[in-house]
Amino acid sequence: MDSRYVQQFKKGSLEMILLCLIAKKETYGYEIITELNNSGAAVLGYAKEGTVYPILYRLQEAELIKCRMAASAANGGSKKYYSITEKGMATLSEMVSFWKNYTVCVDNFISGCDFSEVAR
Amino acid sequence: MKQDYIRQVKKALIVSGKKKSEIVRDLQEAFASALEHGETEQQVIERLGSPNHFADSIHEQLGINYLEKKKRKKRMDVAIALMVMVISFLTGILIRIFKGSKDVIGQGDALTSIQISGTAIDMSIPFLLLGCVSLIVAVILIVRYIRHPKN
């Protein structure tokens, strides 16, 4: 499939997926990437810092997530831990319920489309 | 390699200084975490994408109309180059005008036979040179601005 379609599909949902991951537990950049890759790589393709970080900045700017710094013993530097805010939680639940309606709606269109007809 | 990458991202970013240092810190963390998990800097760089692309996705996500900003910055550069050019030429020309003719000294009404010898630098030359350089820079910037319709 043309990778542009995949990009488009991913664009809207990745934000929701990230919010979900952060809502589950406080987490940091590398862990987010790893989790995305462990459970989503087959469909979503490999998650990249280049995609994830910019979205995290936006979520933070919109006050849907917040972060705190913690010293990291392993690398001598610091790690930024993200957690969801109340506003983020409310937005996420709105997103999820919209997403459910959305997929039902899209599925209806897809199931009403006769592929053999289209192919001819 | 990592420092080079971070430096290029820094250069490409058009966000506030505070945001910039935050992004640089995060990049350092990204490299450190990956290294901790046995990855190489090269692998992280591949996932980050080119410095320009990474910076652009941040701009896009933050809703910064970076094209407009870039455009404005380019116009600003042209304006500065033109201004430097005008000021330099004016200064250079004024110095030339007020230098007086060669053999006139002080308020003398007529020519004297007194010669002033010395190796004083003609101050108008550096100004005129600077004017020429900024003219060239301005022309280059304008051509570049016009050539990239995307900008």
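Listed in order, the protein sequences are those of chains A and B.
The working numbering runs 145 ahead of the 1-based position in the first sequence.
The working numbering runs 36 ahead of the 1-based position in the second sequence.
Quick reminder that beta carbons are idealized off the backbone N, C-alpha and C, glycines included.
- When only Cα atoms are considered, I131(B) and D113(B) end up about 27 Å apart.
- The three-state reading of DSSP puts A216(A) in strand, counting E and B together.
- Positions of the beta strand (DSSP E) runs, each at least 3 residues long and wholly inside the segment 172-236 of chain A, are given as 210-216 and 223-229 in order along the chain.
- With a cut-off of 8 Å on Cβ pairs, the segment 87-106 of chain B is not in contact with the segment 121-135 of chain B, counting fewer than three such pairs.
- Within the segment 66-130 of chain B, the complete alpha helix (DSSP H) segments of 4 residues or longer fall at 77-84 and 87-97, listed in chain order.
- With a 10 Å radius around the Cβ and a threshold of 16 neighbouring Cβ atoms, K109(B) comes out exposed.
- For S223(A), a Cβ of chain B is located within less than 8 Å of the residue's own Cβ.
- Around K193(A), the beta-carbon contacts reaching into chain B at under 8 Å are R83, L84 and G85.
- For the pair of segments examined, the segment 201-208 of chain A was found to touch the segment 162-176 of chain A: the number of CB pairs separated by less than 8 Å reaches three.
- Per the Cβ contact rule, the segment 118-125 of chain B is not in contact with the segment 60-80 of chain B (fewer than 3 Cβ pairs under 8 Å).
- CA-CA distance, F254(A) to K245(A), rounds to 15 Å.
- At a cut-off of 8 Å, the C-beta of F125(B) has no neighbouring C-beta in chain A.
- Exclusion of the five residues before and after A215(A) leaves S223, K224 and Y226 as the residues of its chain whose Cβ lies within less than 7 Å of its Cβ.
- The three-state secondary structure of S160(B), taken from DSSP, is helix.
- For the pair N183(A) and Y191(A), the CB atoms are not nearer than the 8 Å cut-off.
- With a cutoff of 8 Å on beta-carbon distance, D92(B) and G174(A) are scored as not near each other.
- Rounded to the nearest angstrom, the gap between the Cα atoms of S242(A) and M37(B) is 44 Å.
- Rounded to whole angstroms, the Cβ separation of E208(A) and K232(A) is 5 Å, and the two are in contact under 8 Å.
- In this structure, the alpha-carbon of R149(A) lies about 34 Å from that of K54(B).
- Assigned with DSSP and collapsed to three states, M37(B) falls in coil, not helix or strand.
- G195(A) is the residue among K170(A), D147(A) and G195(A) whose C-alpha sits nearest the C-alpha of I42(B).
- Across the segment 149-162 of chain A, no CB contact with chain B closer than 9 Å is found for any residue.
- If you draw a 10 Å sphere on the C-beta of T236(A), you find 16 or more other C-beta atoms in it, and that means buried.
- Look at D252(A) here: in three-state DSSP terms it is helix.
- In the same chain as A70(B), and ignoring 5 residues on each side of it, the C-beta atoms closer than 6 Å to its own belong to V80, in chain order.
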